[in-house]
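Mapped onto our numbering, the consecutive letters of the sequence shown carry residue numbers 5 to 434. Ideal placement from N, C-alpha and C gives every residue a C-beta, glycine not left out. None of the values given here were measured: they were computed from a predicted structure.
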Amino acid sequence: MIYEKALMPPSYRRRSVRREIALFSERSGALTARGLHFMPQGTDLVCAEGAEETERPVPRGANGLIGAEGHSGALAFRIPGGIALGGVSYALPEVRAVVRFRPEEGPVRTFAVTEDGVYGLGDSAVKAEDCAGGTCAAVHYERIFTAAGDRVNWSEPLSPDVWTHAEQGAGSLDLPSGGGEILSAVSFRERLYLFRERGISRLTALGDTTEFRAETLPFPPGTLQKDSVRLCGKRILFCTESGIFSFDGTDCTRLKGCGFGEIDLSAGISSASARGNYYAAVTLREGERCIWCVLPEEGTGCFLRYPAEAVAGGEELLFLASGKLFRLCGRDMPAEGRRECILKTERSLLGLSSCEKFLDGVTLEGRGRFRVEARGESGPPSAISGRAGERLVFPRPVRGNAFSLDLRTIETGARLSAVTFDLREEERAW
C-alpha cells in the first residue's frame with residue numbers, strides 16, 4: 005500500500021525584539037556597533053562635532069603642529085627645515101618639543117627642544133650652552149627637564165637657559181635601562197613621569213637635587229606608541245598595541261569601548277588634549293583618516309570624519325588638514341565627500357533561537373531620517389529609507405538566523421537610541 009506524502013511548510017511565529025545600541029562597547033541587552041561621526045550622549049547616539057576654519061594664518065608648507073607645554077600655551081607649525089611660531093620662522097633640526105617658561109621677572113619665554121640642544125626663541129633661535137637636548141621635555145616646578153635614551157636632564161632653577169652642571173643647579177640622572185628609551189615627560193601631581201618604551205619612571209624632583217630619586221612603576225603589556233601620551237585632566241592617557249590606558253599616577257587601567265580596535269597603529273598617532281578629552285589624528289584599518297576622540301571620564305570614544313594631519317590642544321582642539329587650520333565647533337556633518345554618519349551593528353541572534361528567520365522591517369527610536377540596510381548570513385541585503393518613529397518595511401524580507409544593520413544619516417539633528425526588529429521565527433516541533 006502506498007501512502008501519499010504531505011509536505012508541511014514550516015510554521016513561523018511573529019516576533020518583535022527591541023535593542024539599544026552600544027558604540028564600540030558591550031552592554032547587556034544592547035547591540036554592539038562600529039560608527040563614524042556618531043558620538044554617545046547618555047544612552048543615545050548623536051551626530052558628532054563639526055569643524056570650522058580658523059582665521060589664524062598657516063605658514064607655507066606647514067606639515068605638522070606642536071602645542072607648547074609648560075606655563076602658558078602657544079602653537080608652533082612644523083615647516084620644512086624648522087618651525088614657525090608667532091609669525092617668525094626658525095631654522096632648526098627636528099624639534100621634539102616646545103616649552104614655555106615663566107621666570108621670576110619679565111615675560112614668558114619660549115624654548116624649542118631638539119636632540120642636539122635647547123634653543124631660546126626670540127628674534128632668532130639661540131642655543132643654550134652645555135645642554136644635550138632631548139627627545140621630549142616638560143616644565144616641572146622651577147626647571148625645564150629634557151630626556152633622551154635613559155637619561156633625564158634638568159636646567160638650573162628659574163634659569164631655563166643655564167644647563168652647566170652644578171651643585172643645586174643643572175644636572176642629569178641615568179635611569180635603569182630596562183624600560184627602554186624615554187619617549188615622553190609629563191609633570192603630574194607633584195612628580196615628573198617619564199614614559200618609556202616599556203615602562204614608566206616616576207621622578208621626585210621637588211627642590212634639593214641630592215634628594216632627586218626615581219622609581220619604576222607597573223606598565224601594561226606592549227610597547228608605548230610614540231606621540232600618544234597626553235595629560236587629560238585627572239589622568240594621563242597613552243596607547244600600546246594592547247589598547248589605550250588611563251594612568252592615575254600609580255596604576256594603569258585599560259579603557260574599553262573607545263574604538264581602539266578600529267585604528268591602524270602602523271600609520272602612527274598625533275595626539276593632543278583639549279577640554280580634558282583625548283584627541284588623536286589616526287588612520288583606521290579601513291584606510292580612512294579621522295580624528296579619534298576619547299572621553300576619559302565617561303570611558304567612551306568616537307571618530308570624527310576629518311582627514312587631520314596633526315592635532316594640537318589646550319582650551320580648544322585645533323587640527324591641520326590640506327594646508328588649513330581648523331577648530332571643532334557645535335554638532336555638524338563633516339565636509340563634502342564624508343557628509344554622512346555611519347553605524348554598523350555586529351551580527352546578532354537578537355536573543356532568539358538559531359532557527360531560520362525573516363526580518364520584515366525595523367522601527368528606529370530617535371529623531372531624523374535614516375537609510376537602513378539589513379543583512380543575514382546569506383542572500384542579498386535589503387534596504388529602506390525613512391524617519392525614526394516610523395515602521396520601515398523592507399521591500400524584500402531578509403532571510404537568516406542572525407542579522408546586522410548598516411544605518412546612515414545626513415541630518416545634523418539625527419538621534420538614535422534603539423531599534424525594534426519586526427521578524428518571523430521558524431517554529432520547530434521536536
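- In the DSSP assignment, Asp410 falls within the unbroken beta strand (DSSP E) covering Ser408 to Thr413.
- Per DSSP, the beta-bridge partners of Cys306 are Cys297.
- In terms of Cβ geometry, Ala422 and Ser352 do not form a close pair [threshold 7 Å].
- With a cutoff of 7 Å on beta-carbon distance, Arg279 and Thr58 are scored as not near each other.
- Runs of the beta strand (DSSP E) lying entirely within the stretch 14 to 97, each at least 3 residues long, are 15 to 27, 34 to 40, 42 to 45, 48 to 51, 53 to 57, 68 to 71, 79 to 83, 86 to 89 and 92 to 95 in chain order.
- Glu369 sits in a strand when the DSSP states are folded into three classes.
- For the options Val50, Ala34, Gly91 and Ala37, the alpha carbon positioned closest to that of Val62 is the one of Gly91.
- Per the Cβ contact rule, the stretch 322 to 330 is not in contact with the stretch 370 to 387 (fewer than 3 Cβ pairs under 8 Å).
- DSSP places Ala132 outside both helix and strand once states are collapsed to three, so it counts as coil.
- Under the 10 Å beta carbon count, Val112 is surrounded by fewer than 16 other beta carbons and is classified as exposed.
- The DSSP-derived three-state label of Ser352 is strand.
- Taking C-beta separations shorter than 6 Å and ignoring five residues to either side along the sequence, Gly182 has no partners in its chain.
- Around the Cβ of Asn281, a 10 Å sphere holds 16 or more other Cβ atoms; the residue is buried.
- Annotated three-state conformation of Ala418 is coil, per DSSP.
- Residue nearest to Lys230 within the set Gly341, Ala189, Phe42 and Ser358 is Ala189 (criterion: CA-CA distance).
- Counting only residues of its own chain and dropping the five nearest sequence neighbours on each side, Asp178 has a CB closer than 7 Å to the CB of Asp154 and Arg155.
- Each of Gly404, Met337 and Arg371 was checked against the Cα of Gly54, and the nearest Cα belongs to Met337.
- The beta carbon of Pro224 sits closer than 7 Å to the beta carbons of Thr244, Ser246, Phe249, Cys256 and Arg258 from its chain, once the five residues preceding and following it are set aside; these are given in chain order.
- In the three-state scheme derived from DSSP, where H, G and I count as helix and E and B as strand, Leu210 is classed as coil.
- Contact annotation: Phe362 and Arg428 have beta-carbon atoms nearer than 7 Å.
- When the beta-carbon positions are compared, Arg309 and Arg342 come within less than 7 Å of each other.
- In this structure Val122 does not touch Ser191 by the C-beta definition: roughly 17 Å separates them, more than the 8 Å allowed.
- Between the alpha carbons of Leu162 and Phe115 lies a distance of about 14 Å.
- Note that the C-beta distance between Phe42 and Gly261 is not below 7 Å.
- For Gly247, the beta-bridge partners assigned by DSSP are Thr244.
- Looking at the DSSP output, Ser389 bridges to Arg375.
- Here the alpha carbon of Leu187 sits roughly 50 Å from the alpha carbon of Ser386.
- In the three-state DSSP reduction, Ala170 falls in the coil class, being neither helix nor strand.
- Boundaries of the beta strand (DSSP E) harbouring Pro399: Arg395 to Gly404, taken from the DSSP string.
- Counting only the Cα atoms, Asp120 lies some 26 Å from Thr214.
- DSSP lists Cys236 as the beta-bridge partner residues of Arg239.
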